[in-house]
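Each remark here refers to the structure printed beneath this line.
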Amino acid sequence: MTERVVLAYSGGLDTSVAIGWIGEATGAEVIAVAVDVGQGGEDLETIRRRALDCGAVEAYVADARDEFAAEYCMPALQANALYMDAYPVVSALSRPVIVKHLVAAAKRFGASTVAHGCTGKGNDQVRFEVGIQTLGPELKCIAPVRDLALTRDKAINYAEKHHLPIATTKKNPFSIDQNVWGRAVETGFLEDIWNAPTKDVYDYTDDPTFPPPADEVVISFKGGIPVALDGQPVTPLQAIQEMNRRAGAQGVGRIDIVEDRLVGIKSREVYEAPGAMALIAAHRELENVTVEREQARFKRMATQRWTELVYDGQWFSPLKQSLDAFIQDTQKYVDGDIRMTLHAGQATVTGRRSDTSLYDFNLATYDEGDAFDQSQARGFIELFGMSSKVAASREQRLAAEGMQTTTT
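Numbering of the sequence shown is given in the numbering used here, commencing with residue 1 and proceeding in unit increments.
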């Protein structure tokens, strides 16, 4: 029986060429698997037909947009996940859902190997292969670019020689990965970290220097998940898509950072995540209103570790699952509305309301009706500072004794 390889297929030049390249290098039949996570572009049927025309024995396409939004983006929102306090793990989030469909396809079509288009320098090779090892430990992994010497020039020559139905003349200077949660851009002139991004880098966001009139939106949450915009019910996918449109029109969500990659190098990355950044800002503020102080402090530490695990390709790890349970528990009272103004690159919270709020007006006010007993503050301060006071007394006593010993 001929071996079969499942290939993560995008429809672009490299993965189209990889179908024949893998076949020639390994003698295996190739099954192309395309997963729609909201990246836009060509429709799935066009991509499926191209895979078959390029030599795939089977071509499987999956519309995973709702699944991705609900089961991957929403946990990231509940965690306020920002790698290095800036990047909403756009690419990292999409890899486990793609892996899930690749492994399912391998089992369905009797494949022994899964192939992906990653290089040996990036994070995604780790994310794909660790995920595949976890969900399909019996499967092998190969990467044509990394393992089978498939360079860009070789891909162009191969496509032209075999008359593959894919454009080979236009070479985008950037490496781009995008989905409904955001867009990642790297390489080209961006590799010189002194160079500022040019207008052609951006696609999800308009120039915030020349914004349209301010846009006010009310985002309603239930359990930390957006359920309505301006009173209109939305699914997670609809919430992200609509906020991408509205926040993107105001230039919200442009990120330019030098990032610590998992493989140990620093890399300059430009991201666009208008919907994600606006929703995270709103969700974080609603947590300020509804999550108890000590729980919130610990959650910030748990969130950082959760985000690092996701970035590092550990979506299916035991620790990630344990942190999922904690984060989910913190969301039970994150219900309410956040009013936000989107304008000139900023998403600014201007109002909050919640039936599960911990904000007590009568305790917070300095006007009449103040329910806070200020007479208790003196005793609280005395007890709160007792440990530091005793330690300071010891330091002063030992210092005095030391001075006395020196003089004698």
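Just so it is clear, CB atoms sit at the ideal spot from N, CA and C, and this is done for glycine as well.
With distance defined between alpha-carbon atoms, name the residue in the options nearest to residue i.
| i | options | result |
| --- | --- | --- |
| V145 | P212, A8 and V130 | A8 |
| W21 | N157, E129, D200 and L139 | N157 |
| Q304 | F316, D324 and V289 | D324 |
| V5 | T46, E42, A62 and R108 | R108 |
| R353 | N288, G40 and E259 | N288 |
| L363 | A371, S357 and D329 | A371 |
| A115 | K121, N123, P88 and L102 | L102 |
| A143 | G345, A25 and S393 | A25 |
| H162 | V30, D355, A18 and T365 | A18 |
| A278 | G131, I219, A167 and T46 | I219 |
| R268 | Q238, V217, D192 and E285 | D192 |
| H343 | G248, D260 and E45 | G248 |
By the 10 Å Cβ neighbour count, where 16 or more other Cβ atoms means buried, how is residue i classified, buried or exposed?
| i | result |
| --- | --- |
| K266 | exposed |
| Q374 | exposed |
| K299 | buried |
| W181 | buried |
| L319 | exposed |
| Q396 | exposed |
| G223 | exposed |
| S388 | exposed |
| V390 | exposed |
| D14 | buried |
| I240 | buried |
| I381 | exposed |
| S16 | buried |
| F210 | exposed |
| L398 | exposed |
Could you tell me the alpha carbon to alpha carbon distance between residue i and residue j, rounded to whole angstroms?
| i | j | result |
| --- | --- | --- |
| I280 | L150 | 39 Å |
| G351 | I338 | 6 Å |
| D230 | L135 | 40 Å |
| L93 | T187 | 21 Å |
| D36 | N195 | 33 Å |
| V90 | D200 | 20 Å |
| F361 | D367 | 10 Å |
| L52 | Y202 | 32 Å |
| Y87 | C118 | 20 Å |
| A105 | R245 | 33 Å |
| C54 | M340 | 48 Å |
| R127 | R394 | 53 Å |
| A377 | Q78 | 35 Å |
| N80 | G41 | 28 Å |
| Q404 | M386 | 27 Å |
| N123 | D312 | 7 Å |
Could you name the residues of the same chain whose beta carbon sits closer than 7 Å to that of residue i, not counting the 5 residues immediately before and after it, in chain order?
| i | result |
| --- | --- |
| F326 | A302 |
| S317 | L309 |
| P213 | none |
| Q295 | T330 |
| A64 | V35, D36, V37, V97 and H101 |
| Y271 | Y87, V90, G182, R183, A184 and I255 |
Can you name, in chain order, every residue of its own chain whose Cβ lies under 6 Å from the Cβ of residue i, other than the five neighbours on each side?
| i | result |
| --- | --- |
| M74 | I225 and P236 |
| Y333 | T290 and T356 |
| A32 | L7, Y9, A51, A56 and A59 |
| R68 | Position check: residue 68 holds Phe in this sequence, whereas Arg was assumed. So the qualifying residues of the chain are V37 and V97. |
Could you pull out every residue in the same chain whose Cβ sits closer than 8 Å to the Cβ of residue i, ignoring the five residues on either side in sequence?
| i | result |
| --- | --- |
| E242 | L229, V234 and G275 |
>> My parser needs the beta strand (DSSP E) runs of 3 or more residues fully inside the segment 330-369; what are they?
In response: Taking only runs of at least 3 residues, the beta strand (DSSP E) segments lying wholly in the segment 330-369 are 336-343 and 346-353.
> What are the complete alpha helix (DSSP H) segments, minimum 4 residues, inside the segment 264-325?
Replying inline: Assignment of alpha helix (DSSP H) within the segment 264-325, counting only whole runs of 4 or more residues, yields 274-290 and 293-311 in chain order.
> What residue ranges within the segment 92-154 form continuous alpha helix (DSSP H) runs of no fewer than 4 residues, ordered along the chain?
Replying inline: With a minimum length of 4 residues, the continuous alpha helix (DSSP H) runs that stay inside the segment 92-154 are 124-135 and 144-147.
> Which full runs of the beta strand (DSSP E) of 3+ residues lie inside the segment 28-69, going along the chain?
Replying inline: If we require 3 residues or more, the beta strand (DSSP E) runs fully inside the segment 28-69 come out as 29-36 and 58-63.
> Which residue spans inside the segment 186-272 form an unbroken beta strand (DSSP E) run of at least 3?
Replying inline: You should have 215-222, 225-229, 254-260 and 266-272.
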